[in-house]
């Protein structure tokens, strides 16, 4: 226990090691995916573009089971509680942001998979095997789905920025342990 100004505080609750590893692996992959997605959709053809597209598709498909596992893990291993003195509106915003992130992180690879299938284009997984097509060929539908995919990517970026901003607010303004729950062992 830590002693601060003569007061004894209970040990800080942290996320489990599995939750922390999944959080950071998914976070890094999603940020890379957003940057790569924006780059490949806003540049003309260049020599490595097909390789980068295939890496984007492969990583998107791999993210789907990772996020689903993280979601099921979270449901069976609830996160540490938020500070008791945190206003109810901020607690609701935090929960809404987390659940919206989960929903969009599940929807995003599925929409990408549908759009790519409808194009039709192959979905190789790191050159090891190819994912099956899950939608019949329909280029017009594919283009609409890629637009939805880009929109979801934008929403994810906004939610991630809000998530990071809230964590930094807790750490630097409130000076509570919310951020440290995801960092400390």
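Residue numbers (our numbering): 50 to 234. Virtual Cβ for every residue (Gly too), placed ideally from N, Cα, C.
{"Item": "On the DSSP bridge list, what partners appear for residue 173?", "Value": "179"}
{"Item": "Give the straight-line distance between the Cα atoms of residue 104 and residue 85, rounded to the nearest whole angstrom.", "Value": "9 Å"}
{"Item": "Report yes or no: do the region 155-166 and the region 209-219 share at least 3 C-beta pairs separated by less than 8 Å?", "Value": "no"}
{"Item": "Count the other C-beta atoms from every protein chain shown that fall within 10 angstroms of the C-beta of residue 133, then say buried if there are 16 or more, exposed otherwise.", "Value": "exposed"}
{"Item": "Where does residue 146 fall in DSSP's three states?", "Value": "helix"}
{"Item": "For residue 141, count neighbouring C-beta atoms within 10 Å of its own C-beta (all shown protein chains included) and say buried if the count is 16 or more, exposed if not.", "Value": "exposed"}
{"Item": "At what residue ranges does the region 87-159 contain a whole run of the alpha helix (DSSP H), taking only runs of 4 or more?", "Value": "98-125"}
{"Item": "Just how far apart, CA to CA, sit residue 230 and residue 189?", "Value": "46 Å"}
{"Item": "With 16 other CB atoms within 10 Å as the buried threshold, where does residue 109 fall?", "Value": "buried"}
{"Item": "For the region 178-196 and the region 115-131, state whether three or more C-beta atom pairs, one from each stretch, are separated by less than 8 Å.", "Value": "no"}
{"Item": "Give me the Cα-Cα distance between residue 71 and residue 115, rounded to the nearest whole angstrom.", "Value": "7 Å"}
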